[in-house]
Amino acid sequence: MPPSRKELIVVGCGFVAKYPEGGGNFSVPLQYLLGLRRMRHPALWLEVLSSTGDARRDARIAATFRRRLREFALEDSYCLIIFPKGEAAQDLDAGRFFGMSRRKLEDLLGGGCALLNLSYSIRTPLLGRFALRKLCSLDPTEVCFWMQRMEMGQSEHDEFWSIGLNMYGPGSRVPESGVRWKTYFPLVDSRYFEAAPRPPVDRFTTIGQWYWDGCIEWDGEWRDFSKRAAFKKFEDLPGLHPDARFELAMNLSADDPERARIGSLGWHHVVPHAVARSPRLYYQYLRRSTAEFTAIKLESFARSGWLSDRSAVYLALGRPVVTESTGAEPYLPADSGLLFVGNLDEASEAIRRVRSDWKSLSKAARSCARDCFDATVNLKKILG
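What follows is the structure in structure tokens.
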């Protein structure tokens with residue numbers, strides 16, 4: 025049964041508070057809350073966190089989380105629960121509550137609310153308190169891979185949603201998971217963002233993690249699905265457009281030799297914790313860009329049709345996106361502001377096109393954000 029108009033929708037998350045320097049991370053569930061608010065739907069951000077083992081540090085993390093919420097007038101619409109370090113079970117008896125008392129939360133859960141469980145963040149026994157449980161997968165291929173090997177929510181949810189648009193489409197190599205996925209676009213509140221003028225200097229940017237500690241064996245072979253490996257085929261791109269600036273906002277330590285290596289190829293490294301420490305700084309950084317240029321890790325190999333929430337924000341800001349293809353093309357309008365590439369020559373041509381036809385691509389990007397990625401459009405689909 026779909027939730028009634030007055031039924032509380034809980035957005036469950038477990039990856040934001042633990043990373044207070046990640047403005048982009050915060051932005052992901054934020055779009056769900058902003059969309060629900062636009063729909064005038066009662067909503068709660070339920071964040072779970074494993075304790076650091078230091079009560080003072082936990083309190084600082086909780087304070088930062090609340091401060092970020094206050095910037096978007098959501099400080100009265102959240103509950104943060106910190107569970108003991110190393111404790112896998114999410115038992116309310118063991119949790120410390122911030123933003124809302126345990127009693128208030130239990131009263132709300134007793135009303136039969138629905139859960140949008142982002143990346144399987146809410147787990148047992150807390151998960152069992154929801155009348156309707158919808159798993160929203162933000163990492164289509166990796167989640168399906170692990171579902172073959174362990175419990176990832178497949179036996180505990182009523183519906184399964186994924187931002188992999190091509191889960192069952194042409195060329196898909198997404199592993200069989202045992203559940204049937206419905207698909208939706210990554211969310212962006214297209215009314216919150218406005219298209220901005222073209223920057224005076226062409227800057228192609230992206231934000232991410234250069235390394236990846238995941239270990240996936242595919243068809244008997246261990247493969248490197250890091251951002252570093254994904255960018256390998258595009259390393260010489262800056263040299264083909266020397267009058268443009270190509271930036272990588274990646275977490276690289278000051279003594280990491282990768283800084284010098286990518287610098288010698290013409291890439292500019294910026295520290296993501298400096299330019300995107302909060303959601304507002306993150307949005308400002310994207311806004312100062314001409315377009316995004318990025319390579320894709322696992323999802324390009326699996327042809328899942330995945331598109332990033334970050335790219336959705338670029339589009340909403342009227343910034344075109346040049347990205348490695350994941351198989352998403354058939355699910356987008358012909359003029360989407362997204363230019364899909366597979367090799368260096370295609371990437372160079374896409375950069376040339378962005379620079380020569382920016383105005384029309386910016387308009388298409390903004391239109392696509394409204395029509396395809398808008399939070400209310402996708403939430404209505406998920407909620408039924």
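First residue of the sequence shown: 25, per our numbering; consecutive thereafter. Just so you know, even glycine gets a beta-carbon here, dropped at the ideal spot from N, CA and C. Computed from a predicted structure; not experimentally measured.
Check whether the region 215 to 223 touches the region 348 to 365, taking contact to mean three or more Cβ pairs, one atom from each stretch, closer than 8 Å.
no
Which one or two residues does DSSP pair with Gln114 in a beta bridge?
As a working mapping, residue 114 is identified with position 90 in the sequence shown. Looking at the DSSP assignment, Gln114 forms a beta bridge with Pro149.
Out of Ser186, Phe89 and Arg269, point me to the one whose CA is closest to Asn49's CA.
Stepping through the sequence shown from its first residue, residue 49 is reached at position 25. If we check each option's Cα against that of Asn49, Phe89 comes out closest.
Could you have a look at Thr318 and say whether DSSP puts it in helix, strand or coil?
Start at 1 with the first residue of the sequence shown, and residue 318 comes out as number 294. Strand at Thr318.
Going by the beta-carbon positions, is the gap between Val212 and Ala300 smaller than 8 Å?
Here residue 212 refers to the residue found at position 188 of the sequence shown. Here residue 300 refers to the residue found at position 276 of the sequence shown. Cβ atoms of Val212 and Ala300: not closer than 8 Å.
In the structure shown, what three-state DSSP assignment does Met176 receive?
Residue 176 sits at position 152 when you count from the first residue of the sequence shown. Met176: coil per DSSP, three-state reduction.
Touch test, the region 252 to 259 against the region 308 to 323, Cβ-Cβ under 8 Å, three pairs minimum
yes
Look at the alpha carbon of Ser391 and the alpha carbon of Phe217, and state the distance between them as a whole number of angstroms.
Here residue 391 refers to the residue found at position 367 when the sequence shown is read from its first residue. Here residue 217 refers to the residue found at position 193 when the sequence shown is read from its first residue. Spanning the two alpha carbons is a distance of roughly 12 Å.
From the DSSP output, in three-state form, read off Met171 for me.
Here residue 171 corresponds to residue number 147 of the sequence shown, with the count starting at 1. The answer is helix: DSSP assigns Met171 an H, G or I state.
The region 152 to 160 touching the region 134 to 144, judged by at least three CB pairs closer than 8 Å:
yes
First and last residue of the alpha helix (DSSP H) that includes Gly47?
By one-based count along the sequence shown, residue 47 stands at place 23. From DSSP, the alpha helix (DSSP H) with Gly47 extends over Gly47 to Arg62.
Look at Gly14 and Met191 and say whether their C-beta atoms are less than 8 Å apart.
In the structure as shown, the chain begins at 25 and stops at 408. Residue 14 is therefore absent and cannot be evaluated.
What did DSSP end up calling Leu156 once you bin it into helix, strand or coil?
By 1-based counting over the sequence shown, the position of residue 156 is 132. Looking at Leu156 - three-state DSSP - the assignment turns out to be strand.
So, using beta-carbon positions, are Thr314 and Glu271 closer together than 8 Å?
The residue you call residue 314 lines up with position 290 of the sequence shown. The residue you call residue 271 lines up with position 247 of the sequence shown. No; because the gap between Cβ atoms is not below 8 Å, this pair is not in contact.
Are Glu180 and Lys158 closer than 8 Å when you measure CB to CB?
By 1-based counting over the sequence shown, the position of residue 180 is 156. By 1-based counting over the sequence shown, the position of residue 158 is 134. No, they are not a contact pair.
Using a Cβ-Cβ cutoff of less than 6 Å, which residues in the same chain neighbour Leu323 once the five nearest sequence positions on both sides are dropped?
Within the sequence shown, the letter at position 299 stands for residue 323. In the sequence on display, residue 323 carries Glu and not Leu. Thr165, Trp330 and Thr350, listed in sequence order.
Shortest alpha-carbon distance to Leu139 belongs to which of Val35, Phe364 and Ala374?
Within the sequence shown, the letter at position 115 stands for residue 139. That would be Val35, whose Cα lies nearest to the Cα of Leu139.
Measure the C-alpha to C-alpha separation of Pro26 and Glu200 and round it to an integer number of angstroms.
Within the sequence shown, the letter at position 2 stands for residue 26. Within the sequence shown, the letter at position 176 stands for residue 200. Confidence in Pro26 is poor, its pLDDT being 47 and thus under 50, which makes the residue's placement too unreliable to answer from.
Can you find at least 3 beta carbon pairs, one from the region 36 to 44 and one from the region 66 to 83, that sit closer than 8 Å?
yes
Hey, how far is the Cα of Pro178 from the Cα of Ala326?
For the purposes of this step, residue 178 is taken as residue 154 along the sequence shown, with counting starting at 1. For the purposes of this step, residue 326 is taken as residue 302 along the sequence shown, with counting starting at 1. Correcting the residue identity first, residue 178 is Gln in this sequence and not Pro. Straight-line Cα distance between these residues: approximately 20 Å.
I'd like the ranges of any alpha helix (DSSP H) spanning at least 4 consecutive residues and lying wholly in the region 71 to 117.
79 to 94
Quick check: the region 371 to 379 against the region 259 to 276, are there 3 or more CB pairs under 8 Å?
yes
Taking the beta strand (DSSP E) that Leu356 belongs to, which residues open and close that run?
Counting from one through the sequence shown, the residue named residue 356 turns up at place 332. Taken as a continuous stretch (DSSP letters only), Leu356 belongs to no beta strand (DSSP E), as it is neither H nor E.
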